[in-house]
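First comes the structure, then the notes that go with it.
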Amino acid sequence: MPDVRTWLLWALTVLVTASRVRNPLYSILTLLIAAVVELVCAPHRGAGLPSSFRFGVTVVVLGALFNGLTAHLGDTVLFSLPAQLPLSGGPVTLEALVYGATNGLVLAAIFSSFSTFNRVTPVRDLVRLTPRAFHEAGVVISIALTFIPQMMYHLDEIRDAQAVRGHRMRGLRDWLPVILPLLTGGLERAIGLAEAMVARGYGALSNRRHSLRTQMFLLVGLMGVLVGWLAFLLLPQWRLAAVSGMIASGGLIAGLLWQTGRSIPHTSYRMHRWTLCDSLIVLGCCVTLVSMFAPLPFVNRKALYYSPYPRLSPPPFDAVAGVGLFGLLVPAIVVKRGAADDRD
Amino acid sequence: MIEIEDLTYTYPGAHRPALTGLNLRISEGEFVLVAGPSGAGKSTLLRCLNGLVPHFTGGRISGLITVAGHDPVAEGPQVLSRIVGFVFQDPRSQFVLDRVEDEIAFGLENAAIPSAEMRVRVEEVLHLLDLAALRGRTLTTLSGGEQQRVAIAAALVFRPRILVLDEPTSQLDPQSAEDVLQALVRLNQDLGLTIILAEHRLERVLPYADRLVYIPGPTESQRNVLTGPPQQVLQQVELTPPVVALGKALGWTPLPLTIKEGRAFAARLPLPPGTPRAAPSRRSGSRLHIRDLHFAYDGREVLHGIDLQIAPGELVVLMGRNGSGKTTLLKCVVGLLRPKHGEIVLDGHPITGRHPAEICRHVGYLPQEPDAMLFADSVLEELRVTLRNHGLQDTPPFPPAALLARLGLEEVADSYPRDLSVGQRQRVALGAVTVTRPGLLLLDEPTRGLDYQLKRQLIALLREWQAEGVSVLLVTHDVELAALAADRVVILSDGCVIADDAPQVLAASPLFAPQVARLFPGTGWLTVDDALTGLGVRQN
Numbered sequence: 000m001p002d003v004r005t006w007l008l009w010a011l012t013v014l015v016t017a018s019r020v021r022n023p024l025y026s027i028l029t030l031l032i033a034a035v036v037e038l039v040c041a042p043h044r045g046a047g048l049p050s051s052f053r054f055g056v057t058v059v060v061l062g063a064l065f066n067g068l069t070a071h072l073g074d075t076v077l078f079s080l081p082a083q084l085p086l087s088g089g090p091v092t093l094e095a096l097v098y099g100a101t102n103g104l105v106l107a108a109i110f111s112s113f114s115t116f117n118r119v120t121p122v123r124d125l126v127r128l129t130p131r132a133f134h135e136a137g138v139v140i141s142i143a144l145t146f147i148p149q150m151m152y153h154l155d156e157i158r159d160a161q162a163v164r165g166h167r168m169r170g171l172r173d174w175l176p177v178i179l180p181l182l183t184g185g186l187e188r189a190i191g192l193a194e195a196m197v198a199r200g201y202g203a204l205s206n207r208r209h210s211l212r213t214q215m216f217l218l219v220g221l222m223g224v225l226v227g228w229l230a231f232l233l234l235p236q237w238r239l240a241a242v243s244g245m246i247a248s249g250g251l252i253a254g255l256l257w258q259t260g261r262s263i264p265h266t267s268y269r270m271h272r273w274t275l276c277d278s279l280i281v282l283g284c285c286v287t288l289v290s291m292f293a294p295l296p297f298v299n300r301k302a303l304y305y306s307p308y309p310r311l312s313p314p315p316f317d318a319v320a321g322v323g324l325f326g327l328l329v330p331a332i333v334v335k336r337g338a339a340d341d342r343d
Numbered sequence: 000m001i002e003i004e005d006l007t008y009t010y011p012g013a014h015r016p017a018l019t020g021l022n023l024r025i026s027e028g029e030f031v032l033v034a035g036p037s038g039a040g041k042s043t044l045l046r047c048l049n050g051l052v053p054h055f056t057g058g059r060i061s062g063l064i065t066v067a068g069h070d071p072v073a074e075g076p077q078v079l080s081r082i083v084g085f086v087f088q089d090p091r092s093q094f095v096l097d098r099v100e101d102e103i104a105f106g107l108e109n110a111a112i113p114s115a116e117m118r119v120r121v122e123e124v125l126h127l128l129d130l131a132a133l134r135g136r137t138l139t140t141l142s143g144g145e146q147q148r149v150a151i152a153a154a155l156v157f158r159p160r161i162l163v164l165d166e167p168t169s170q171l172d173p174q175s176a177e178d179v180l181q182a183l184v185r186l187n188q189d190l191g192l193t194i195i196l197a198e199h200r201l202e203r204v205l206p207y208a209d210r211l212v213y214i215p216g217p218t219e220s221q222r223n224v225l226t227g228p229p230q231q232v233l234q235q236v237e238l239t240p241p242v243v244a245l246g247k248a249l250g251w252t253p254l255p256l257t258i259k260e261g262r263a264f265a266a267r268l269p270l271p272p273g274t275p276r277a278a279p280s281r282r283s284g285s286r287l288h289i290r291d292l293h294f295a296y297d298g299r300e301v302l303h304g305i306d307l308q309i310a311p312g313e314l315v316v317l318m319g320r321n322g323s324g325k326t327t328l329l330k331c332v333v334g335l336l337r338p339k340h341g342e343i344v345l346d347g348h349p350i351t352g353r354h355p356a357e358i359c360r361h362v363g364y365l366p367q368e369p370d371a372m373l374f375a376d377s378v379l380e381e382l383r384v385t386l387r388n389h390g391l392q393d394t395p396p397f398p399p400a401a402l403l404a405r406l407g408l409e410e411v412a413d414s415y416p417r418d419l420s421v422g423q424r425q426r427v428a429l430g431a432v433t434v435t436r437p438g439l440l441l442l443d444e445p446t447r448g449l450d451y452q453l454k455r456q457l458i459a460l461l462r463e464w465q466a467e468g469v470s471v472l473l474v475t476h477d478v479e480l481a482a483l484a485a486d487r488v489v490i491l492s493d494g495c496v497i498a499d500d501a502p503q504v505l506a507a508s509p510l511f512a513p514q515v516a517r518l519f520p521g522t523g524w525l526t527v528d529d530a531l532t533g534l535g536v537r538q539n
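Chains as they are written, first to last, in numbering that gives the first Met the number 0: chain A, 0 to 343; chain B, 0 to 539.
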């Protein structure tokens, strides 16, 4: 399985590509690639489509409808709504629908980067990404991440339990019988988890307070950054000194965090080694970024941006940039199917 | 290994102590079963052993506890975690991470155990608990038994000398429970680990226990904690597993704890000819009729053409292994799931595709987790909420106060439901779904976590409702409950009905046969009463 940092780079590349491109062809390609990577690399979970794919369809439809009903631009009028209707009154054009759907595709592609990263990365590896000084915050985040699916499960359970008592969801007030047991049950489970963690010795070594000197230096560092930032904004003639001050203060804070992290006793079970698989995925990401955004003479970068206005025309497509996008597919080729889950 | 002297503990705000003057001594390497009715203080005692009580709970404690030379009250649970491994009832509630291996290593990472040693310890427990093949799996994909074994592994990774388990099999089906218990027996016999386990279903654990500690409930005449060899303690306890109850009734000595021990006595008894229990006569009419029901999750069919009919006043027990489709079937009946194909008819009216709220005006459905229902300020208000939902607040088919009296909840009518015991919460939820006086009751695992006394109370209540014409479809893993309560038994396997017959069908099933049926094969007897009547000891 690739290192969490490799996955992070892959997700960031998808994110940058998806958010910088405004061409439905590239967005669809990005979405499909992310879905294939999720299907191949993430743990199995039934026969359904990846969540990013289903979310994508919803966002595209909603985006098209919203823009189509509110933006009355474009030449190809499909039909008109009465002008007295607030916001949506006026002509509904094909161009506005396509523009809305294109924005929906961008959103869906951005979401797919988060979704796939979340699905392929074990929670434990996410904790590893947090600096050691914030280890406890990292544990809290990991608990929150495992709590969310549990909470969704309990939400369904409670909705069912209330429905069989004759409860119907008609308005906001009707959420009360669902929210109250969800909150109470969540609190009970949180207390139960805290009890279980204490029984497993959690917190036995980290109950130490930071020294007054460390706290004072941290305060000085934060003040330094704040003063430097204000000086940068208000005193143009002192900008160089302000930037130097901010860098020095930032260095002090980073040093303190590093030192604090070293004083927290903690070891790691998983020792990740950089493998060929990681290198290939990084290489694939580089290929995508270079082909899409580097000023290469043989790539028509204008093809990355498309506007259906004023009259709908086919979106442009640059083959080199399109092929470069397939660099994001490398994980699906080099990672074993369902490698995140050894059940096969 | 463990010495407790005159231990008294009171929870914050409680009027009476949860434990009073308890004395106990446990030797190294013992397998100790802690039993007693709900609310007797079993969990409290277990939590005293690692200092969770009083460090986590607060409250007043007096007396002396020594665990492997340590004082849990003075040193606290974090220090004791190296000596006492603790496993809770619901494995899912104690997981911090999402993968098997990571979850097991979590405690070691926080204890700053060096990586090399950590790997050795994790490997060790993975193999001890047969989890090596599951090491990379996400926890949510594991079965209940596998999850519980991961929780045990996470506790054992500190190499504790004592393993304490609070009802670890209460959420599991019989096969998964057996897997967990076999793992514990291996740990006890091979490694000499001291095991202290609290459990309601004594029949599951008695065969393995060296010693039984019985903590009486507040209402029992017997007030002292009983401790000793299981045979000796069970002689003084009223509610026991069927094989023990039969042994006591027939004066078998030493008291048998297992089927194997009981068979030695049963084989000596002359069985009168023609003694099978008469199968209950099939009732006429149809309250619920399910025809050719198919249901699929994400395109995967889990119910394949179910046909089932329930008559008015009939109690049908639905059994089957985890994942066989029992809960799915109930959810289809009440409209929470929409079948792919088939028809459901209630009292002659098709109800397929209707909203659950509409169906549940006539069908009471008690889900597995009754806590999901409870949110009102008082028990009485819970019942009124259901009436308001159905627009019946002015003409309640069952006056709430009268129903509470019937459920034995009149004294707690003004209490906050979530402050009540497991059994009481179960009955509040039952009240909340029956206050509309439904003609059909669907109960999904209603006896999970209930002691013998509470189970009997539930059966008595169901019998009363049956007499009034209410039909009951009861899903359970508890074969003894099925033997006691069923008019008819339906067994599901992989989404298909493989048996639909009189309860005697259980006697022939290697998976679902109750203890009495295993003791007297071929007789058709299922319960202690059947056997005593058949043997002529008791008049029918």
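All residues carry an ideal CB built from backbone N, CA and C; glycine is no exception.
Test: residue i CB closer than 8 Å to a CB of chain B
i: A/His271; result: no
i: A/Glu94; result: no
i: A/Arg53; result: no
i: A/Ser114; result: no
i: A/Val139; result: no
i: A/Trp6; result: no
i: A/Leu245; result: The amino acid occupying residue 245 of chain A in the given sequence is Met; Leu does not appear at that position. For A/Met245, the answer is no, since every Cβ of chain B falls outside 8 Å of its Cβ.
Top-ranked residue by Cα proximity to residue i, from the options
i: A/Leu96; options: A/Ala160, A/Thr120 and A/Asn66; result: A/Asn66
i: A/Arg269; options: B/Arg383, B/Thr56, B/Val99 and B/Leu162; result: B/Val99
i: A/Leu93; options: A/Gln83, A/Gly73, A/Pro81 and A/Leu84; result: A/Gly73
i: A/Ala63; options: A/Val289, A/Pro23, A/Leu28 and A/Pro42; result: A/Pro23
i: B/Ser188; options: B/Gly20, B/Glu29, B/Leu23 and B/Ser470; result: Just to set this straight, residue 188 of chain B is Gln in the shown sequence, not Ser. Minimum Cα distance to B/Gln188 is reached at B/Glu29.
i: B/Leu483; options: B/Glu108, B/Val527 and B/Pro509; result: B/Val527
i: B/Pro396; options: B/Ala404, B/Leu373 and B/His361; result: B/His361
i: A/Pro307; options: A/Val163, A/Thr101 and A/Phe52; result: A/Thr101
i: B/Asp572; options: B/Gly319, B/Ile112 and B/Val344; result: Residue 572 of chain B lies beyond the stretch modelled for chain B, which goes from 0 to 539, so this question has no answer here.
6 Å Cβ shell around residue i - same chain, five flanking residues per side excluded
i: B/Gly363; result: Val432, Thr433, Pro437 and Leu440
i: A/Pro90; result: His71, Val76 and Ser79
i: B/Asp450; result: Pro36, Ser37 and His199
Per-residue burial, residue i [other beta carbons within 10 Å of its own, 16 or more giving buried]
i: A/Ile190; result: exposed
i: B/Asp544; result: No information on residue 544 of chain B is available, as it lies outside the stretch 0 to 539 that chain B covers here.
i: A/Leu229; result: exposed
i: B/Asn388; result: buried
i: B/Asp89; result: buried
i: B/Ala485; result: buried
i: A/Ile178; result: exposed
i: A/Thr16; result: buried
i: B/Gln93; result: buried
i: B/Gly68; result: exposed
Three-state secondary structure assigned by DSSP to residue i
i: B/Trp251; result: coil
i: A/Ser262; result: helix
i: B/His389; result: coil
i: A/Gly137; result: helix
i: A/Asn102; result: helix
i: B/Glu313; result: coil
i: B/Asn22; result: strand
i: A/Asp317; result: coil
Chain A within 8 Å of residue i, Cβ atoms only
i: B/Leu317; result: no
i: B/Phe374; result: yes
i: B/Gln77; result: yes
i: B/Ile309; result: no
Cβ neighbours of residue i in the same chain (closer than 7 Å, five flanking residues each side left out)
i: B/Lys330; result: Leu336
Neighbourhood of residue i by C-beta, 8 Å cutoff - its chain only, sequence neighbours within 5 removed
i: B/Gly347; result: Ser285
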